[in-house]
Amino acid sequence: MQSQQESASHTPIPAANPIEEVDTVVIRFCGDSGDGMQLTGSEFTKVSALAGNDLSTLPDFPAEIRAPAGTIAGVSGFQLQFSSRVVFTPGDQPDVLVAMNPAALKSNLEDLKKGGSLILNTGAFTKGNITKATYETNPLEDGSLDGYKTYKIDITKLTKECLKDSGLNSKSIDRCKNFFALGLTFWMYNRPIEPEVESINKKFAKKPELAKANIQVFKAGYHYGETAEVFTESFEVRAADIPPGRYRNIMGNSATAIGLVTGAQLAGVELFFAGYPITPASSILHELSRYKAFGATTFQAEDEIAAACAAVGGSFGGAIGMTASSGPGIALKGEALGLALSLELPMVIVNVQRGGPSTGLPTKTEQSDLLQCLYGRNGESPMPVIAAMTPSDCFYTAIEAVRIAIKYMTPVMLMTDGYLANGSEPWKLPKKEDIKPFPTTFRTDPEGYQVYARDEETLARAWVKPGTPGLAHRVGGLEKDALTGNVSYDPHNHEAMCHTRAAKVMAVQNSMGELLMNGPDQGDLLMVGWGSTYGAITKATNLMQDEGYSVSSCHLRWIHPFHPKLGALLKRFKKVVVAEMNLGQLVKVLRAEYLIDCEPLCKVQGKPFKVIEICNKIAERAGKVS
Amino acid sequence: MQSQQESASHTPIPAANPIEEVDTVVIRFCGDSGDGMQLTGSEFTKVSALAGNDLSTLPDFPAEIRAPAGTIAGVSGFQLQFSSRVVFTPGDQPDVLVAMNPAALKSNLEDLKKGGSLILNTGAFTKGNITKATYETNPLEDGSLDGYKTYKIDITKLTKECLKDSGLNSKSIDRCKNFFALGLTFWMYNRPIEPEVESINKKFAKKPELAKANIQVFKAGYHYGETAEVFTESFEVRAADIPPGRYRNIMGNSATAIGLVTGAQLAGVELFFAGYPITPASSILHELSRYKAFGATTFQAEDEIAAACAAVGGSFGGAIGMTASSGPGIALKGEALGLALSLELPMVIVNVQRGGPSTGLPTKTEQSDLLQCLYGRNGESPMPVIAAMTPSDCFYTAIEAVRIAIKYMTPVMLMTDGYLANGSEPWKLPKKEDIKPFPTTFRTDPEGYQVYARDEETLARAWVKPGTPGLAHRVGGLEKDALTGNVSYDPHNHEAMCHTRAAKVMAVQNSMGELLMNGPDQGDLLMVGWGSTYGAITKATNLMQDEGYSVSSCHLRWIHPFHPKLGALLKRFKKVVVAEMNLGQLVKVLRAEYLIDCEPLCKVQGKPFKVIEICNKIAERAGKVS
Amino acid sequence: MGTTTTNGNKGGLPVKLTRKDYQSDQDVRWCPGCGDYAILAQVQKVFAELNINRDETVFVSGIGCSSRFPYYMNTYGMHSIHGRAPAFATGLKVSRPDLNVWVITGDGDGLSIGGNHLIHCLRRNVDLKIILFNNRIYGLTKGQYSPTSELGKRSPSTPLGSTDNPFNPLSIALGAGASFVARSIDTDVKHLQATLKRAAAHKGTAFIEVYQNCNVFNDLTFINVTGKDVKADRQMPLTHGQPLVFGKDKDKGIRMTPNGIPEIVSVGDGDGQVPLSEVPLHDETVADPGYAFMLGQLQHPNFPVPIGVLRAVEAPTYDEMVADQIQLAKSQAKATDIESLWHMGDTWDAGSTAE
Amino acid sequence: MGTTTTNGNKGGLPVKLTRKDYQSDQDVRWCPGCGDYAILAQVQKVFAELNINRDETVFVSGIGCSSRFPYYMNTYGMHSIHGRAPAFATGLKVSRPDLNVWVITGDGDGLSIGGNHLIHCLRRNVDLKIILFNNRIYGLTKGQYSPTSELGKRSPSTPLGSTDNPFNPLSIALGAGASFVARSIDTDVKHLQATLKRAAAHKGTAFIEVYQNCNVFNDLTFINVTGKDVKADRQMPLTHGQPLVFGKDKDKGIRMTPNGIPEIVSVGDGDGQVPLSEVPLHDETVADPGYAFMLGQLQHPNFPVPIGVLRAVEAPTYDEMVADQIQLAKSQAKATDIESLWHMGDTWDAGSTAE
Ligand SMILES: Cc1ncc(C[n+]2csc(CCOP(=O)(O)OP(=O)(O)O)c2C)c(N)n1
Ligand SMILES: Cc1ncc(C[n+]2csc(CCOP(=O)(O)OP(=O)(O)O)c2C)c(N)n1
Ligand code: SF4
Ligand code: SF4
Ligand SMILES: [Mg+2]
Ligand SMILES: [Mg+2]
């Protein structure tokens, strides 16, 4: 059996044939924050998507808004894996690295595949820039690039040449050079140029002179590839065999935002979202603020506490209250979430995790808030916790969060992370019929109303909108009588209420979907994951299964409570390894719950797992199928 | 072997002999909030302590400041166990219940031992009060008190009589009636009256007319017992065989406050405490604010967040920063604690736990913040967590918290609860020589200073006071370079720092005291506990050992990290049961850590365990020693 | 009581309501003699008088003695967490502008832990009525000094006296840009009723500070100003359009020097006196909050303490502006069905059916 | 650099320091053109001029672009968490009154999430110097509107324009009772230096709002007031003891009506003009904050924007009062050794040795 590891079979090897077919390519664009690498990357993504490739992207932002030009701190990158097969991750190692300046080269070269292609803008390799990048000698000359297929092109100069008659000033001209690089890569991967010309025209509609210049430079780059005899080959990546339908490239935070709106519509309630900006969660607030016409009201609060409280206020009023933040902000919301679960009101809290502790690594990804999400509240404070697996899965998981929140009258924690938030993939747009609505019933009947009386199945109390005649009532954070909801200091009532709140959350098990399995449901090794590690774990498992290893993987959408079938599944494997981007948090919970000696595979580097890292662990722990 | 269960052998049974000797008595005073029951209880405590009894007390406050007189919500109680033996708890069931009004009777009677003594102030059993207490019929008349030795005394009237010539107004006179009850109990337990007369004189030094009246009523109560032939016997509880020395009766929060001051003095640093009032933690702030002369600076902040931050500011300045709160306030401090552990500054956070979730049961006790204390912060945020066992142990545990904080340059969470905070016991005052100082060394040498360079043994970085020449440096919440402390986004540095912070906290294991064991270190059943359950678990274990059960108990002072010997110990028992006042939080952590199928014994009623509840569990789970 | 179940309330809206109709079935549990009783009673009376719909009213509070208030009102209510009531209320009002939302808070709840939410609510001008019960003490936690306690206040946490200058709640509110600011007194039944009515009628955030006596932990703290015998000289009741005068005989007045400093003048036609006609008339509607701020700063013993409405200006409310934007967005939207949201942006056809 | 190690600084105190001595070895990472650079430079220059001891100085900040400031100062420093810098600084200053503590914050950090700590710090008058970099935007999180952004501000979170009224930072500060309140401008080098010097000299909390340009997300937001061509007519520089006049020819003045409302007057000896001698003189030391509040409210386009020191009054500081109490307690204490603390209250002898 052949390994499908990304880097194995499709290095763009020079060949006589001018257009070689490859099945998977990983390309990374990097340069200074001001160099427009995010735009370059997303334009290339768009054309790959239109070509029918499956793909996955990962931007990498610097922590500063605009660190000094030319420094390593200011390097911005965008990685894309596109393929004629199903893609699970943005790729372990780029096959092609486009580096617009020395700092970009310095900080990205170690990731490039041995023998990979390196496109360099030599125009930026001035003495000053080389020093700023902390190089001691000029890498173009000191032999350090020997192991790579290096294309040295003075993009800066070529761009200038191309636009010398444009009438633009030199700063504006310099800003166009990313489109030269884009043109080059279009030629390399044999992409049609018309859609891009159109796209540039659209993007710069308000500045036609810039549109014109960028198009000119883009074409120049393309033609340079064609004619300059620098590249001896170009490649083609065929359309992937993906399910037919209409697609859209989607980033995780967009999918979350759209999913939240969809959830509210499926429930038939208004959406009230209160947020406070924080990286990498802010764009959920930004997106939702543009969906007013779809029933979303947004509120930028003075801080995260106010945001959480305002959301609870919204829920009390009969909207589905929501908030989103990242680690430090979630820490601040703990007290308010305790109130929400004590009031038993529905609510969705999104935690887009980033590197911690404290302010940590704000622009990097991590999964180290799991225990905080499960336990970061005073008292016995059970709350459903679920996690999204891929950028587009954020959509479905957001809907699930709304469903659980309303069905069980409880706040629900929806976990994603920086990798999902900013990463993207093609999303096959669902049909309305495919998604089942879950209409909400507000109680309106005063007859026999008891504020904390419960539904037998879900243990949820009734949701009542203020304004409903005859149902006026008071709720609060003090312990409540199990029926009337009046303040109660009764010892046995309190104990019963603690048990009931826990039981209600456990009842979520009764309406869960399927447990997500990949491979046989028994064997040597089960790889368990949650959240954004889905792609890497699944890909690695598939590869190693193909290599003959007895390994399966199981990915958890529901973390609290666990899926009812999980315990039995774990016990059918000799070994269980949990791969997570923390020091072993899910492992703790699984061990406590099932008394299974599962082992962590940890990575806390602000970066997602590489497929190879997981493969290595599988090779170490699993035997081959006999 | 004879059972030592409190209620077994010493009920005050009427006898010919006027003074019967008993070894243990549990008495509870209860009445309206305005009836002075806390004072009555603490006066009786004082005389018992002076008599050399061992003892333990438990007050029970209503949640309202002064709920309407006569209602159940307004009942205030004070329970005391005193004995000629070692006392572990305030007692499961009172032998004697003094109830000053119908509401007090209603809400306390169910706790009274079958056949116990009931002293009732019949003067308060008016129609109105009976109704307010939600009685449908008069309990004095409807036979509901038949199972008890009931003493019906019109204390209200007797007090009035006694003071009719005092010149006091009737409201003031009525306020004296608790001293009548106190006098009665003094007679019952054969206490000397002089010290109490002195104590009253001292207490009311500024209002001599009240002192006089109270003494008069107190004596009247005493003589009423002697002469009225209502009581046919009186009792004596001999001095306990306790270690010789000077004693002081101490409540948990006082012990914590004094311990914190002592810790700072042992470390040779200033103490800076920032707090925000919250039940039941406020009195730590109150006490410390009176210890300015002992090096304590206190600051009442605008909220808990500011308090935590101010404490970190104090630590940055070279004082030991401290804060104290209860569940909801601790929830608010999470983000600031994350910063403290990222800055690696010493700090002590006291969590005096109360009933949760949310505002919960503010005046009741609970242990449900354990997981919040362990995990309630974003990112990988390890922090030592320790817990005090008894009111006087709060002193030693507070010292231990300071020691760990400074030695390992880390915030430390010190957990107590409402039961410890307000409960009291005699504390044998230590000698200065008995407590080892741990002087702090501040770094002053600029030579070779690296901000995050570490001590090899403790992994602590150096503590530098601003103002030290040549050592100016900057710290912050972003990830830091492992040596220089400069901001670092390096992936491997981040991973290394996460591991180092965890390892540093684990290093606390190297300087721990002994693991606290009671009984053989192997057998059928190990009862594990932490915090305020110490008394009940130990007493129950002792009783059941005496009954021949194979049971030991182990009480955890160090919860994170665990004691290095704990794992091996747990494995030497067939069964492990963890008794805790929550739904099984320590159980989760132990299971995850040691993969041992330990079982929870939970109680979440806002009240401490009764010894009998633990005995029952032991009987269920342990076998008899053959 | 009929179908009464909602923690024991009556529902519906009978023809003419009385104070009792606004009382919930819960026992009121403040200390006997607490000023909170009087405020509760006046709110209930005013609500009855204004015939306010109980089912469309929500009381939101934080934590503190005063914050138990919602439990006693036969309306919808939420006893939330310490200091955050304005935030809950903002979320509620913005998502449900049709409701009548009142916030109850204390000097600790509203000005200590909750100060930030309060000022942000005021600057936004969310259409809420906020009553701050100022007893200059933490009642519920048994007597610690609060942000309105006087400098030097001895309390359990400040045995040698506090070292913090107090806030002036009115100044904080005006500094935040509040559109309606008033002060009243628990025991001044008529004045309190009138002030509550004014707040009820205001569109935007109405902020009322009520001097409230905590007879257990801070008895008589306002007596220097509220005492029957001194009241006339130490209070200056404000009435829109009426001169800024005070004293039993209204013979003293307040005006500003050109340097912007308030001074007391003797009013009358005598020598060195200022004629009544030249005493400034109180104007609640001055756009510049500086005028109201100047009034709010007047303090015993140098000046009389103003009571009544200091400022009441009309301004668009936050909730209204948000509602307008939603309206606008809806009216301009090409589509509002969920599928069109999914399809926003660049889409393409792919997979085997795509050519 | 010698023994340089402390995140790379020099220590000690050479004879005469220059701006460079106050620069840390860290690369400054703000966007090219950001106003923060100018403020950093002026702080460093002023520190050098005043020869401030670097080792006894601590800069504390929250989170935001501006809050990176401490990293660039060769002093002690703490980059804390969002909004809480005044709280950290309060703890530090109260426990270490000997240190010279400065707080750096932004309009989001200091007025949004951190508003409460700011106002409490101001009312307490802790001896801190607070510089608020007001760029009317959230810079670090990429351009959302802030509490000082104008109503209607379009930003990523308010695509149809914001619906919140902005705070006026000076009004908030004065409402909280600040003892020193000033405003300056990033690009006005001399004015900023002078203002920083005044703050450095103030005992108590000194609050300076600095108009700061964020050229990436909110370019030219203050240009209507700071623009070279309009400056003279739209700014009113304040100098203690000098008349409240402005305009290129100083021919316009500000004074108050008896009703407490500011008005612009034409200054001169002509008809309908007010002679210069009758224009009020600026007085920073007025005890009543109402005067400074009135100034702080003056806004473009109706009025000139005052820059400079609005208020500077002497008052005891919080840290000083705390220190005094500790001193007092120590001097009155019968004993201060730890054993006497243990033995406080009722004690007794027991156990077998007790008779
Ligand atoms: C997060 C949190 N911190 C602290 C408390 C404790 N607490 C309850 S009420 C209160 C202050 C009450 O003062 P105020 O708002 O003036 O109300 P009052 O009781 O005087 O009416 C405090 C500190 C709490 N419940 N929650
Ligand atoms: C608890 C928390 N919430 C949110 C953030 C995200 N955040 C960082 S800076 C900032 C606002 C910055 O605005 P401002 O204070 O005006 O500073 P500027 O960047 O404009 O200088 C926000 C929202 C955070 N770091 N921590
Ligand atoms: S403590 Fe004070 S404020 Fe609270 S209920 Fe009692 S009297 Fe009222
Ligand atoms: S984003 Fe704005 S405030 Fe931040 S560094 Fe850049 S220009 Fe300055
Ligand atoms: Mg109060
Ligand atoms: Mg800003």
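Residue numbers (the working numbering), protein chains in the order written: chain A, 1 to 626; chain S, 627 to 1252; chain D, 1253 to 1607; chain G, 1608 to 1962.
Quick reminder that beta carbons are idealized off the backbone N, C-alpha and C, glycines included.
Here the structure is a predicted model, which is why all the values come from computation and not from measurement.
For the segment 677-694 of chain S, the beta-carbon criterion of a distance under 7 angstroms to any beta-carbon of chain D is satisfied by Glu690, Ile691, Arg692, Ala693 and Pro694.
In summary, no residue of the segment 1787-1817 of chain G has a CB separated from any CB of chain S by less than 7 angstroms.
Tyr917/S is not bridged by DSSP to any residue. In the three-state reduction of the DSSP assignment, Pro1421/D falls in the helix class. The secondary-structure analysis by DSSP pairs Ile65/A with nothing; it has no beta-bridge partner.
At least one CB atom of chain A sits nearer than 8 angstroms to the CB of Ala1218/S. When DSSP states are grouped into helix, strand and coil, His560/A belongs to the strand group. Take Val464/A, set aside five residues on each side of it, and the residues of its chain with a beta-carbon closer than 6 angstroms to its own are Arg443 and Leu471, in chain order. In this structure Thr131/A is exposed. Its beta-carbon is surrounded by fewer than 16 other beta-carbon atoms within 10 angstroms. Within chain D, Pro1411 have C-beta atoms less than 7 angstroms from the C-beta of Arg916/S, given in sequence order. Within the segment 893-909 of chain S, the residues whose Cβ lies closer than 9 angstroms to any Cβ of chain D are, in chain order, Gly901, Tyr902, Pro903, Ile904, Thr905, Ser908 and Ser909.
Listed along chain G is no residue with a C-beta nearer than 8 angstroms to that of Gln353/A; the closest approach is about 16 angstroms.
Non-local beta-carbon contacts of Ala831/S in its own chain, meaning distances under 8 angstroms to residues more than five positions away in sequence, involve Ala837 in chain order.
The beta-carbon distance between Ala866/S and Ser709/S, rounded to whole angstroms, is 6 angstroms. This is short enough to meet the 8 angstroms contact definition. Remark: C-beta atoms of Ala1248/S and Ser1158/S do not approach each other more closely than 8 angstroms.
Ile250/A sits in a strand when the DSSP states are folded into three classes.
Following the DSSP letters along the chain, one finds Val1708/G inside the beta strand (DSSP E) bounded by residues Asn1707 to Gly1713. DSSP assignment within the segment 944-984 of chain S yields the following whole beta strand (DSSP E) runs of 3 residues or more, N-terminal first: 946-951 and 973-979. Residues of the segment 1046-1066 of chain S that bring their beta carbon within less than 9 angstroms of a beta carbon in chain G comprise Pro1052, Trp1053, Lys1054, Leu1055, Pro1056, Lys1057, Lys1058 and Ile1061, in sequence order. Taking CB atoms only, Arg1406/D has no neighbour in chain S less than 8 angstroms away. Counting only the Cα atoms, Lys672/S lies some 15 angstroms from Met1951/G.
Only Ala1587, Thr1588, Asp1589, Ile1590, Glu1591, Ser1592, Leu1593, Trp1594, His1595, Met1596, Gly1597, Asp1598, Thr1599 and Trp1600 from the segment 1587-1600 of chain D bring a Cβ to less than 9 angstroms from some Cβ of chain A. With 16 or more neighbouring CB atoms inside 10 Å of its own CB, Ala1434/D falls in the buried class. In the DSSP secondary-structure assignment, Cys1228/S is bridged to Glu1206/S. In the displayed model, Gln1445/D falls within a helix according to three-state DSSP.
When DSSP reads this structure, Gly986/S sits in a beta bridge with Leu478/A.
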